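Protein chains: 4
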Amino acid sequence: MKKDKPKYKQIIDAAVVVIAENGYHHSQVSKIAKQAGVADGTIYLYFKNKEDILISLFEEKMGQFVSAIKRGMEHEEDAAAQLEILIKSHFQMLADDRHLAIVTQLELRQSNKDIRLKINKVLKEYLLLVDEVLHNGAQSGVFQTDLDIRLARQMVFGTIDEVATTWVINDQKYDITNLAAGVHSLIVRGLSS
Amino acid sequence: MKKDKPKYKQIIDAAVVVIAENGYHHSQVSKIAKQAGVADGTIYLYFKNKEDILISLFEEKMGQFVSAIKRGMEHEEDAAAQLEILIKSHFQMLADDRHLAIVTQLELRQSNKDIRLKINKVLKEYLLLVDEVLHNGAQSGVFQTDLDIRLARQMVFGTIDEVATTWVINDQKYDITNLAAGVHSLIVRGLSS
Amino acid sequence: MKKDKPKYKQIIDAAVVVIAENGYHHSQVSKIAKQAGVADGTIYLYFKNKEDILISLFEEKMGQFVSAIKRGMEHEEDAAAQLEILIKSHFQMLADDRHLAIVTQLELRQSNKDIRLKINKVLKEYLLLVDEVLHNGAQSGVFQTDLDIRLARQMVFGTIDEVATTWVINDQKYDITNLAAGVHSLIVRGLSS
Amino acid sequence: MKKDKPKYKQIIDAAVVVIAENGYHHSQVSKIAKQAGVADGTIYLYFKNKEDILISLFEEKMGQFVSAIKRGMEHEEDAAAQLEILIKSHFQMLADDRHLAIVTQLELRQSNKDIRLKINKVLKEYLLLVDEVLHNGAQSGVFQTDLDIRLARQMVFGTIDEVATTWVINDQKYDITNLAAGVHSLIVRGLSS
DNA sequence: TATGAATGAGTGTTCATTCAT
DNA sequence: GATGAATGAACACTCATTCAT
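Chains as they are written, first to last, in the UniProt record's numbering: chain A, 1 to 193; chain B, 1 to 193; chain C, 1 to 193; chain D, 1 to 193.
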C-alpha cells in the first residue's frame, strides 16, 4: 500500500508546509517536491496528479481529526458534553498545527469546484459524527426532540468553521481554544435571554 | 461616473452568468466580453483588470443586498424579528438569482488572498448590520444582555452561509426560503430543549 | 497644406517631449494627443498613422537642422573650416534642445526597419551636405585629392553621431559643444602623430 | 553550466536566424523555439526571459568577437598595425555571418533602454580593447602623444559601426572586407592631404 | 474640423505532467 | 523505484486606429 510508505506522508507534510507558507496558487508541484526532498517525477509515483495531493492531504489529516474527536467523546454520553468535546477538540487541533489551520481554512478553498466536491466527501465523515451527537441529543431529550438534524448540523459546522476561519484570517493572534466554551454555549442555548 | 453607464452593469451581469456557468477558472475575459456583447478591450475601459470585475461585481450586488435588507428591517424594532427579516431576505435574494448564488457561495471563494481581502471589506458592511441587530437585541433584553457580539455574529453569519452553500452545492434543488424559519429558530433558541 | 496649420507643429512638438520623457515604447498616441491638447482622433487628421508622426518629426527637425548648417557655411569656402562649422552647428543644435537630442540619438532608433529606412531617406539631405564639403575639400586640395567620398562621409557622420550618442547616454552632463574642435581635428588629421 | 549545454547554443543560433529574417518585433519566442527544434517552454530552462536571449546572444557572439580580435593582435606591437587587424577582423566577422550582421547592426538596436544598457556593458570590453590600442599608439609615438583617448575611441568605433551599418542597410551587396584598408587609412591619417 | 468611446489582434510565460534513463 | 529535462497548452491585457456624432 502506497499510503504506508514513508514518502507518501513525507510529500503530504511537505504540501501542508508549502501551501501554508506560499498560498495555494504559488504552491507548484516542483516546490512541494523540493520541500519533500524528492524529484518532481516521484510525486507521480504516489499521487495521480496535483489534485490528488490535496485530496489525500485532506483525507489523511481529516481522518486523524475525526479519530481524535471520536476518541475524546468515547466515554461521554451526554450530547451537550459530547458537543463541547467536539468543539474543543476541533479548535485544539487547529491550534496545534498553524500550517494545517491555514491550509484547511483558507487555501484549500481556492481549489476548484471538482476538488471541493471531493473534499466535501471526505468531510462527510466529520459531519456524520456531528449528526450522531445531534441525534443522540434529540433522542435523549438534551436537545429539542423534533430537531431538524440537517439544519442543526449546518449551524454547528457553519459556526465552528466561521469562528476558525476568522481566527486564521486574523493571523491566529488570539487563543482560539478559549472560544470553545462561548461557541458551545451559543450553539446550545442560542441568542435568547 | 463609469458605474452609471449601461455597459458597466452589462459587463457585471455577463460576468455573473459566465462565472456561474463555467466556473471561475474557465471564465476568460474574452468569454465575459462576448456574453456582454462588447469587445475584449471594452472591458478595460470599465474595469482595471479581471480581478476588478470580480470585486466590482461583489460590491455592486452586495450593496443591493444590504440596502434591501435594511429596507426590509426599517419598520421593525424587535431584534428577533429583525433577524428573521435578515435571514429571509438573504435567502430570498439568493433564490431570486441562481447564477449570483453560485458565484457568491462557490466561485468567488476560489479567488486568491488579495481578492478575498477586498471582498471581505465589502462584506464588512453586511456584518456590521448583523452586529447592529445583535447589539439592539442585547440592549433591549431580547437576546442575552452579556452577549459576545463578535462570536454571536460569527454564529449567525456562519450558519446562514453554510446553509446557503449547502443549498448551492445540492444544485439549489429545494426551496431555500423554506429554511429561513428553521434557521432563525435555531439561531435564537439554540439546540436546547 | 496641413503642415502649415498650427496643430501640425503642435502635435510634433508634443511628440518630441513625450518620446524624450517616456521613451519610444511608452509613447502611446493617446499620450501625445493629450500633451498636444487634442483628441486622439485629431492626430489622424494630420498624420497617416503613428509612424508618420515619427517620420514627419524627423523631417521637420532635420530640415531646420540642414538649413541652419547651410546658413552657417554660406560665406565660408575652405572645406576644413566648413567642416568645423558643420560639426559645431550639429553639436550646438543638439545642446539647444535636450528633448530633441534624446529623441534623435536614442529613441528614434528603436523604431523598426521600415521607419528607419524612411528616416534614412530624410537623413540623405544631411549626408549630401557632408558629401559637398568633402568634394569641395578634395577638389581644392584641402583634403586628399583621391578621397573616397562615400567612406569619408561615413567616418564623418559615424564619428559625429557616436560622440552625440555617448553624450546623450551620459545624460548630457558635459558640454558637447566643447568637443567640436577635438572632433574636427581628429577627423581632419586622424590619429597620426 | 547551462551555457555549455548544446541547447543553449542551439537556441542562440536559432534566435540569430529568426531575428535576422523576421526583424526583432516579429520574432516571437515560439518562432525561435521552432527554429531551434525545441518546445517553447524549453527556452525558459536556458533563458530567464525573451530579453535574456538577446543579451546572451550578444554576450556570446561579442565574446567570440573580442577573443578573435585579441588573438589576431597577439604578435603585433605596432599600434597602427593593431588597429588594422582590429578593423579587418571586425569586418571579416560580420562578413562571415550575414544573419549576425543584421542582428547586431540593426535589430538589436530596436530593443528598449534596459536591454541597450546591458548590451552596452558587454560592448565595454570591446571598447576597452580599442582604448588599449590607442593608448599603446599614443605612448609609442605612433599616434599623437596627447591624444584624447575617449574622443579617439568614439571616432574609431563610430566610423567602424557606421560603415558596417551602411553595408547591412545596403543588403551586404558589396564586400565589406575590401573597405578595411580605406577605413584604417582614414582613421589614422584623417582627411588631410 | 474635432471628438473619444469602442474595437480586436497579438504574445510572453508558467507549470502540471511525461518518459527516457 | 527514482530522476529531472523537456513539453506545450492556455490567457490577460495594450494600444493604434476607426467612425458615429
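For glycine and all other residues, C-beta sits at the position ideal for the given N, C-alpha and C.
All figures in this text were calculated on a predicted structure; none of them were measured in a lab.
Contact residues within the segment 124-155 of chain A, judged by C-beta distance below 8 angstroms to chain B: Cβ contacts with chain B come from 134, 137, 141, 142, 143, 144, 145, 147, 148, 151, 152, 154, 155.
With 16 as the cutoff for other CB atoms within 10 Å, does residue 41 (chain A) come out buried or exposed? When all chains shown are included, residue 41 (chain A) counts as exposed.
With distances taken between CB atoms, is the gap from residue 189 (chain D) to residue 37 (chain C) smaller than 8 angstroms? For residue 189 (chain D) and residue 37 (chain C), no; Cβs fall outside 8 angstroms.
Below 7 angstroms, is the gap between the Cβ of residue 61 (chain D) and the nearest heavy atom of the ligand ZN? Among the components modelled here there is no ligand, and therefore nothing to report on the ligand ZN.
Quick check on residue 11 (chain A) - is its C-beta less than 8 angstroms from some C-beta in chain B? Answer no: the Cβ-Cβ gap between residue 11 (chain A) and chain B never drops below 8 angstroms.
Would you grab the beta carbon distance between residue 180 (chain A) and residue 140 (chain A) for me? Rounded to a whole angstrom, and I think it's under 8 angstroms. Actually they do not touch by this definition, with Cβ atoms about 22 angstroms apart.
Report back the beta-carbon spacing between residue 107 (chain D) and residue 23 (chain D) to the nearest angstrom; my notes put them in contact at under 8 angstroms. With a Cβ gap of about 6 angstroms, residue 107 (chain D) and residue 23 (chain D) count as contacting.
Quick one: residues in its chain with C-beta nearer than 8 angstroms to the C-beta of residue 130 (chain A), no 5 flanking neighbours on either side, listed in chain order? In chain order, 86, 153, 156, 157 place their CB closer than 8 angstroms to the CB of residue 130 (chain A), counting only its own chain and leaving out the 5 sequence neighbours on each side.
My assumption, with CB atoms under 8 angstroms, is that residue 32 (chain D) sits in contact with residue 15 (chain D). Please give the rounded CB distance. 5 angstroms between Cβ atoms; contact.
If you check the beta carbons only, do residue 81 (chain A) and residue 172 (chain A) fall under 8 angstroms apart? Going by C-beta atoms, residue 81 (chain A) is not nearer than 8 angstroms to residue 172 (chain A).
Within chain A, the residues that residue 25 (chain B) reaches when beta carbons sit closer than 8 angstroms: What residue 25 (chain B) touches in chain A: 112.
Between the CA atoms of residue 166 (chain D) and residue 112 (chain A) - distance to the nearest angstrom: Roughly 59 angstroms separates the two Cα atoms.
Beta-carbon contacts of residue 194 (chain D) that lie in its chain and below 7 angstroms, excluding the five residues immediately before and after: Residue coverage of chain D in this structure runs from 1 to 193, which leaves residue 194 (chain D) outside it and unanswerable.
What residues of chain C sit near residue 122 (chain D), judged by a beta carbon separation below 8 angstroms? The contacting residues do not exist; residue 122 (chain D) stays about 15 angstroms from chain C at best.
Residue 46 (chain D) burial status per 10 Å Cβ neighbour count (16 or more: buried): Flag for residue 46 (chain D) reads buried.
Which two residues bound the contiguous alpha helix (DSSP H) that contains residue 112 (chain C)? Neither: residue 112 (chain C) is in no alpha helix (DSSP H) and is coded neither H nor E.
Within this structure, are the beta carbons of residue 144 (chain B) and residue 27 (chain A) separated by less than 8 angstroms? Not in contact: residue 144 (chain B) and residue 27 (chain A) (Cβ atoms no closer than 8 angstroms).
For residue 193 (chain B), three-class secondary structure by DSSP: Under the three-state reduction of DSSP output, residue 193 (chain B) falls in the coil class, being neither helix nor strand.
Any C-beta of chain D sitting closer than 8 angstroms to the C-beta of residue 161 (chain C)? Against chain D, the CB of residue 161 (chain C) has a partner CB under 8 angstroms away; the residue lies at that interface.
Buried or exposed: which applies to residue 71 (chain D), given that a residue is buried once 16 or more other Cβ atoms fall within 10 Å of its Cβ? By the C-beta density criterion, residue 71 (chain D) is exposed, having fewer than 16 other C-beta atoms within 10 angstroms.
Do residue 43 (chain B) and residue 12 (chain B) have their CB atoms nearer than 8 angstroms? Taking 8 angstroms as the Cβ cut-off, residue 43 (chain B) and residue 12 (chain B) do not qualify as a contacting pair.
Under a Cβ-count criterion, where at least 16 other Cβ atoms within 10 Å of its own Cβ denotes burial, should residue 164 (chain B) be classed as buried or exposed? By the 10 Å Cβ count, residue 164 (chain B) comes out buried.
So, helix, strand or coil for residue 47 (chain D), using DSSP? Coil.
Residue 122 (chain B) and residue 62 (chain B) - do their beta-carbons sit closer together than 8 angstroms? Yes, these two residues count as a Cβ contact at 8 angstroms.
Do residue 169 (chain D) and residue 120 (chain C) have their C-beta atoms closer together than 8 angstroms? Their beta carbons are under 8 angstroms apart, which means residue 169 (chain D) touches residue 120 (chain C) by this criterion.
Which one or two residues does DSSP pair with residue 143 (chain B) in a beta bridge? Paired residue(s): A:192.
Proximity test, Cβ basis, 8 angstroms: residue 177 (chain B) and chain A: False, the Cβ-Cβ gap to chain A never drops below 8 angstroms.
Please tell me whether residue 117 (chain A) and residue 184 (chain A) are closer than 8 angstroms, where the distance is taken between their beta carbons. Going by beta carbons, residue 117 (chain A) and residue 184 (chain A) fall outside the 8 angstroms limit.
If we call anything under 8 angstroms between Cβ atoms a contact, is residue 149 (chain D) one with residue 128 (chain D)? No. Outside cutoff.
With 7 angstroms as the C-beta to C-beta threshold (strictly closer), list the residues of the segment 65-83 of chain D near chain C in chain order. Those residues of the segment 65-83 of chain D that come within reach of chain C (Cβ to Cβ, closer than 7 angstroms) do not exist; the list is empty.
Cross-chain neighbours of residue 91 (chain D) in chain C, by beta carbon under 9 angstroms: Correct list: empty, because the minimum Cβ distance to chain C is about 12 angstroms.
Would you tell me roughly how many angstroms separate the C-alpha atoms of residue 195 (chain D) and residue 95 (chain C), rounded to the nearest one? In this structure chain D extends from 1 to 193, so residue 195 (chain D) is not present and cannot be described.
Just to make sure I have the definition right: I need the residues of chain B whose C-beta is within less than 9 angstroms of the C-beta of residue 188 (chain A). Which are they? Ordered by position in chain B, the residues that pass the 9 angstroms Cβ test against residue 188 (chain A) are 190, 191, 192.
Distance between residue 17 (chain C) and residue 98 (chain C) (C-alpha atoms, nearest Å): Distance between residue 98 (chain C) and residue 17 (chain C), taken at the CA atoms: about 9 angstroms.
Span of the alpha helix (DSSP H) holding residue 82 (chain D)? Under the DSSP assignment, residue 82 (chain D) falls in the alpha helix (DSSP H) whose first and last residues are 79-96.
Give the straight-line distance between the Cα atoms of residue 186 (chain A) and residue 160 (chain A), rounded to the nearest whole angstrom. So the alpha carbons of these two residues sit roughly 11 angstroms apart.
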